[in-house]
């Protein structure tokens, strides 16, 4: 295996990338950024708006690009987190790169050697290995690499984490590996610096349980994790656009009494669920004796219409109550979001908006009811 030199502690020297064909003159840091292909152009604008030195060096796939920046890594990451991007789903620092041979027994050893040069995990600390294998027809999987590298660091006295909750809430060390054809890239970072708990949307989606009512269940679960929302399950939740009932099921499983609003039928398994009340009336016609504790909305309509409906029912939600809403986006994504936010801000604080791995031509927003 031919490999380039990886760097040790100086993350702001990326000259090793020249060994895989990337000019690094005047650049201080490099990253693999992940986005939804549908939002490729707006994601590109989003990242260059806050860092004009960004250069898109190489497409890795239709959802991953290699970029370089003139800013040192620490400065770039802090500014990125402060900017709280919507369309950049994940970012991986590139701290080493080289070539593989395509033979598992050789490649896993070489990749571990590359990781050893950059990973600085304190003994006894939690860590996770996240590997992606992009094209190339290799006779092994990303999981093969994760297991080999993970076992090596476990044997050094560290604690491997397989929990998304740990990665999100404890800001653990992440070893990142991406293999693209015969080229590899490695990185090491805290999980919060990556903007998301995992880099591979296909593997996240593959985790969906076979007994899910709909794919939407995983979308809500991802939103709760990404936004760090801890639901207590007390009280009543309203689910707008509920059918076939995936979100209602998730909320009922947390312990909520769920008002599932949709003219369409719910999944047969939910029609007999005493925790879920199916309402075929319009959202604006709902009248309640007690305020709601949570509203979720996955209705398929223009984002501006979604904003108006959410405002119409805001009085049903207790002061400070949370709402999770998807905004279905047409071609002019950024403008549509801005218009929807302007409407929603009359009744809610817009806490955060993200393009999730389970979002396609949409984004998900976390709202909090303003105190009147």
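Numbering (UniProt numbering), first residue to last: 1 to 372.
The beta carbon of each residue, even a glycine, is placed where N, CA and C say it ideally should be.
query, result
"Alpha carbon of residue 185 to alpha carbon of residue 146, nearest angstrom", "14 Å"
"Beta carbon of residue 371 nearer than 9 Å to that of residue 327", "no"
"Whole-angstrom distance between residue 199 and residue 245, CA atom to CA atom", "28 Å"
"Inter-residue spacing [alpha-carbon to alpha-carbon] between residue 275 and residue 252", "6 Å"
"Which of helix, strand or coil DSSP assigns to residue 188", "strand"
"Proximity below 9 Å, CB of residue 33 to CB of residue 92", "yes"
"Ordered list of alpha helix (DSSP H) runs contained in the segment 136-164, each at least 4 residues", "142-154"
"CB contact flag (residue 279, residue 292, <9 Å)", "no"
"Where residue 332 falls, given that 16 or more other Cβ within 10 Å makes a residue buried", "exposed"
"Residue environment, residue 154, which counts as buried when at least 16 other CB atoms sit within 10 Å", "exposed"
"Alpha helix (DSSP H) segment containing residue 222, residue limits", "216-226"
"Whole-number beta carbon distance between residue 309 and residue 283, since they are thought to touch under 8 Å", "6 Å"
"Outcome for residue 369 when other beta-carbon atoms lying within 10 angstroms are tallied against a minimum of 16", "buried"
"Below-9 Å beta-carbon distance, residue 61 vs any chain D residue", "Although the question refers to chain D, the structure presented lacks it and comprises just one protein chain."
"Contact between the segment 173-183 and the segment 124-141 (3+ Cβ pairs under 8 Å)", "yes"
"Residue 261 to residue 296 span [Cα, whole Å]", "10 Å"
"Backbone CA spacing between residue 387 and residue 344 [nearest angstrom]", "Here the chain has residues from 1 to 372 only, and residue 387 is not among them."
"Any beta strand (DSSP E) of 3 or more consecutive residues that is wholly inside the segment 219-304", "236-240, 257-261, 276-279, 292-297"
"Local conformation of residue 210 per DSSP, three classes", "For residue 210, the predicted model reports a pLDDT of 47, less than 50, meaning its position is unreliable and no value from the coordinates is stated."
"Burial state of residue 303 (16 or more Cβ within 10 Å)", "buried"
"Residue 50: first and last residue of the uninterrupted beta strand (DSSP E) it sits in", "Looking at the DSSP string, residue 50 is not in any beta strand (DSSP E); the run it does join, the alpha helix (DSSP H), is 40-50."
"Nearest residue (CA-CA) to residue 361, options 17, 35, 19, 24", "35"
"Presumed contact (8 Å Cβ cut-off) between residue 54 and residue 30, rounded CB distance", "No, residue 54 and residue 30 are not in contact; Cβ-Cβ is about 10 Å, not under 8 Å."
"Residue 2 (DSSP reduced to helix, strand or coil)", "Summary for residue 2: the model assigns pLDDT 46, below 50, so the residue's position carries little reliability; its value from the coordinates is reported in the next sentence. Residue 2: coil per DSSP, three-state reduction."
"Residues of its chain near residue 267, where Cβ-Cβ distance is below 6 Å and the 5 sequence neighbours each way are ignored", "213, 244, 245"
"Strand pairing of residue 66, partner residues [DSSP]", "32, 58"
"Test item: CB-CB of residue 334 and residue 45 under 9 Å", "yes"
"CA-to-CA distance, residue 217 to residue 210, given in whole angstroms", "For residue 210, the predicted structure reports a pLDDT of 47, less than 50, and the residue's modelled location is therefore unreliable. A value from the coordinates is still provided. Going by the C-alpha atoms only, they are around 11 Å apart."
"Member of 355, 356, 359, 348 whose CA lies at the smallest distance from the CA of residue 367", "348"
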